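Residue numbers (my numbering), protein chains in the order written: chain X, 4 to 112; chain U, 3 to 229.
Built from N, CA and C at the ideal position, the CB exists for glycine as well.
The structure displayed is predicted, hence computed values, not measured ones.
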């Protein structure tokens, strides 16, 4: 997670949560096109009770990503998501900046 | 990601070792590699590029999408002088994600209580810097404006590959500093590396505002945004 600010130690938190027996998923920005608020490598960690830390955008798509993270915690499958303004999802969770981001969501097993 | 992989990654980060997390985006499988561990492959070349640019990336390896997440050790800020400005500066630097070390040989100044989470060294700056081995991911700021403390730090920093050198002091103080360094054999190019008076010009007056202007200049230098 180069250049994305590690001061919050999200990965340390993810480890702690998992070791406490919680279900945990990680969402990571794996690619961006055009203007995007968070660089590649930015992460969001999600716990099974709805708690989350970090970000993969300026707050525009976190809701949808958290939803997918909960699904990943349940079914154990990883997911590759793409968000942009032209995407159909934009009606609910588009990026207002006009960029496109790809987010990889995986369960911490 | 497996918990064991995450534990190994967190251990490497804690030990400030440069590692890359390689994830096959189709299978979801990952592995952790130290910088230089993978050799002579397309993946190795992509990893080297990602480390050099400090930029994670998705790459194509034999038709498969692979995400390379690079974890460089944190950027470092070395501050010479545990003066008042050093307190807010250390805090801003920590928020931005820098590892902070403060050097001051004057014992009265290096009270640990004033600097939570900061490495404090009571050595002379040239000795301390030789041990710290500042590199291209390190910024050095001198704050004492006392030549017998600041100058030994500069003698070291100006010939080290650091990305930023800044010195607190008025234009007059800086002028004298430049004269001393020139008399000591430093070249105009070496001396020109110093940002002095230190910090972006935001009209800062208080120690907190000055610290903010310094931190902003350090970030601008790291991001290549200084003239």
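For a contact defined as C-beta to C-beta under 8 Å, what are the partners of residue i on chain C?
i	result
residue 107 of chain X	No chain C is part of this structure, whose protein chains are labelled X and U.
Distance, Cα to Cα, residue i vs residue j?
i	j	result
residue 72 of chain X	residue 28 of chain X	6 Å
residue 43 of chain U	residue 62 of chain X	38 Å
residue 76 of chain U	residue 51 of chain U	18 Å
residue 108 of chain X	residue 70 of chain X	10 Å
residue 2 of chain U	residue 104 of chain X	Any answer about residue 2 of chain U is impossible in this case: the structure gives chain U only from 3 up to 229.
residue 144 of chain U	residue 96 of chain U	18 Å
residue 221 of chain U	residue 148 of chain U	25 Å
residue 63 of chain U	residue 171 of chain U	52 Å
residue 108 of chain U	residue 129 of chain U	14 Å
residue 69 of chain U	residue 102 of chain U	30 Å
residue 215 of chain U	residue 94 of chain U	10 Å
residue 227 of chain U	residue 196 of chain U	16 Å
residue 65 of chain U	residue 50 of chain X	33 Å
residue 179 of chain U	residue 53 of chain U	36 Å
residue 209 of chain U	residue 67 of chain U	49 Å
residue 8 of chain U	residue 16 of chain U	12 Å
residue 188 of chain U	residue 176 of chain U	15 Å
residue 192 of chain U	residue 85 of chain X	48 Å
residue 33 of chain X	residue 182 of chain U	50 Å
residue 13 of chain U	residue 205 of chain U	42 Å
residue 60 of chain U	residue 186 of chain U	49 Å
residue 32 of chain U	residue 3 of chain U	7 Å
residue 48 of chain U	residue 106 of chain X	20 Å
residue 203 of chain U	residue 6 of chain U	48 Å
residue 65 of chain X	residue 142 of chain U	37 Å
residue 157 of chain U	residue 132 of chain U	11 Å
residue 91 of chain U	residue 11 of chain U	29 Å
residue 46 of chain U	residue 168 of chain U	36 Å
Return the first residue and the last residue of the beta strand (DSSP E) that residue i is part of.
i	result
residue 87 of chain X	82-87
residue 71 of chain U	66-73
residue 182 of chain U	Segment 173-185 is the alpha helix (DSSP H) holding residue 182 of chain U; no beta strand (DSSP E) there.
Report the partner residues of residue i according to the DSSP bridge assignment.
i	result
residue 32 of chain U	U/25
residue 30 of chain X	X/47 and X/108
residue 80 of chain U	U/103 and U/142
residue 167 of chain U	U/142 and U/196
residue 57 of chain X	X/47
residue 36 of chain X	X/103
Taking residue i as part of the alpha helix (DSSP H), name the residues at either end of that continuous run.
i	result
residue 61 of chain U	Per DSSP, residue 61 of chain U belongs to no alpha helix (DSSP H); it is in the beta strand (DSSP E), 59-63.
residue 215 of chain U	209-224
residue 6 of chain U	5-16
residue 88 of chain U	88-98
residue 70 of chain X	65-78
residue 20 of chain X	13-22
residue 55 of chain U	44-55
How would you list, in chain order, the residues of chain U whose beta-carbon sits under 7 Å from the beta-carbon of residue i?
i	result
residue 74 of chain X	Correct list: empty, because the minimum Cβ distance to chain U is about 14 Å.
residue 21 of chain X	5
Run through chain X and tell me which residues come within less than 7 Å of residue i, C-beta to C-beta.
i	result
residue 4 of chain U	112
residue 30 of chain U	81 and 109
Give me the chain U residues within the contact set of residue i, using Cβ-Cβ distance strictly less than 9 Å, ordered along the chain.
i	result
residue 33 of chain X	25, 27, 58, 59, 60, 67, 69 and 71
residue 67 of chain X	Simply none; closest approach about 19 Å.
So residue i contacts chain U; which residues on that side make the cut at Cβ distance below 8 Å?
i	result
residue 14 of chain X	8, 11, 12 and 15
residue 29 of chain X	3
Note to self: To test your reading of the DSSP string, which unbroken alpha helix (DSSP H) runs of 4 or more residues are found completely within the region 103-149 of chain U?
What the structure shows: Within the region 103-149 of chain U, the runs of alpha helix (DSSP H) at least 4 residues long that lie entirely inside it are, in chain order, 127-134.
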